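Undergrad: The structure follows.
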Amino acid sequence: MTASVTIHSLVRNEECWVWFALKPWQRAGVPMLVIDDHSTDQTPQIISSLKIPFQASQGPSVSEIRNKMLSQTTTEWFILLDGDEVWNDAMIDKFLSHLKSVPKNIIGIFLETRNCVGDVWHYLPSDSGRYRLAGHVGHLNIRAYRKKPGYQWFGQYPLEYYGQKDQPINADPNQLSCFPGFYWHLTHLPRTSRPGTAGFRRQVIESGIEVPRSELPEVFFLPRPDFVPNPLTRRSPLFTLTAKIVTPIKKLKRLL
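This note's numbering puts the last residue of the sequence shown at 240; the count rises by one with no breaks.
What follows is the structure in structure tokens.
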């Protein structure tokens, strides 16, 4: 029995990773609502290559767009999927099973993120994360939400929240469930070739934890269109050298 769930994906200028973000969920057969928020790079073309229907943004704010997606959702759960978030196939299966097992009082499910630095072959240690959810600390994100009457999105990006007015769901730990897994977050890697856009950010420089090939998402090794960038490109020698210098300093600061 498949969990009653819909993917909500709101993207803007995510040409480097959006193909890898959407493809695993498409292969898993999960319904998707995808909205492109005025991308100026190849993001729309890449989504079209997957033959996934998508809409153009018609809302002035992220919360309004997300509430529009909510109004179109008929499933019990919805999962937020950004264009720089990539899941392993087995983790998707386990996450969907987890959705079916949580009690009715649970409204949100969070998990760890592996935040890549320099390339997909390295990620930040969990002790560098400072998010706090239901007694857990680290690189954490709520990714599944139960659709409930009276609950919607409030606030402005990047501080929007799901809940009731003035009461985000993460304010009550009893409404949250921790899933014992992770997904890959490419937020610290270039997400677009377009300078001056939301997807073009300053990189975080740190050595990170090295990843064996066997742990990387399967989608990174699938055949892809020529215009989809290679996800496996290694960090530059300059990045590696700089990271070796600054990483001990960053680790010391985390202990203070």
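We put the beta carbon where it would ideally sit given N, CA and C, even for glycine. Note that the structure is predicted; figures quoted are calculated from it, not measured.
Apply the 10 Å Cβ neighbour rule to M(-15) and answer buried if 16 or more other Cβ atoms are within range, or exposed otherwise.
TA: Note on M(-15): pLDDT 46, under 50, position unreliable in the model; no value is reported.
Undergrad: Can you list, in chain order, the residues of its chain whose CB lies under 6 Å from that of I126, leaving out five sequence neighbours each side?
TA: The residues are G92, F94.
Undergrad: Rounded to the nearest angstrom, how far is the Cβ of S191 from that of H106, given a contact under 8 Å?
TA: Right, their Cβ atoms sit about 7 Å apart.
Undergrad: Please name the residue, chosen from D103, M16, I90, that lies closest to Q39 on a Cα-to-Cα basis.
TA: The shortest C-alpha separation from Q39 is found at M16.
Undergrad: How many Å lie between G13 and D77 at the Cα?
TA: 11 Å
Undergrad: Of the choices E69, I36, L54, F79, whose alpha-carbon is the least far from that of P164?
TA: F79
Undergrad: Distance, Cα to Cα, S252 vs P142?
TA: Nothing can be reported for residue 252: it is not among the residues displayed for the chain, which extend from -15 to 240.
Undergrad: For H22, which residues from the same chain have a beta carbon less than 7 Å from its beta carbon, with the 5 sequence-adjacent residues on both sides left out?
TA: R(-4), S41
Undergrad: Could you tell me how far apart the beta carbons of V203 and K7 are, in whole angstroms, since I believe they sit closer than 8 Å?
TA: 5 Å
Undergrad: How big is the Cα-Cα spacing for H123 and L117?
TA: 10 Å
Undergrad: Only counting the same chain, and skipping five residues up and downstream in sequence, which positions put a Cβ closer than 7 Å to that of K234?
TA: E190
Undergrad: Does the stretch 97 to 104 come close enough to the stretch 45 to 62 to have 3 or more Cβ pairs within less than 8 Å?
TA: no
Undergrad: Enumerate in chain order the residues of its own chain whose CB-to-CB distance from P213 is below 8 Å, with the five nearest sequence positions on each side excluded.
TA: E(-1), C0
Undergrad: Confirm, please, whether the CB-CB distance from W137 to S220 is below 8 Å.
TA: no
Undergrad: Count the other C-beta atoms from every protein chain shown that fall within 10 angstroms of the C-beta of I243, then say buried if there are 16 or more, exposed otherwise.
TA: Outside the displayed range of the chain (-15 to 240) lies residue 243, so it cannot be described from this structure.
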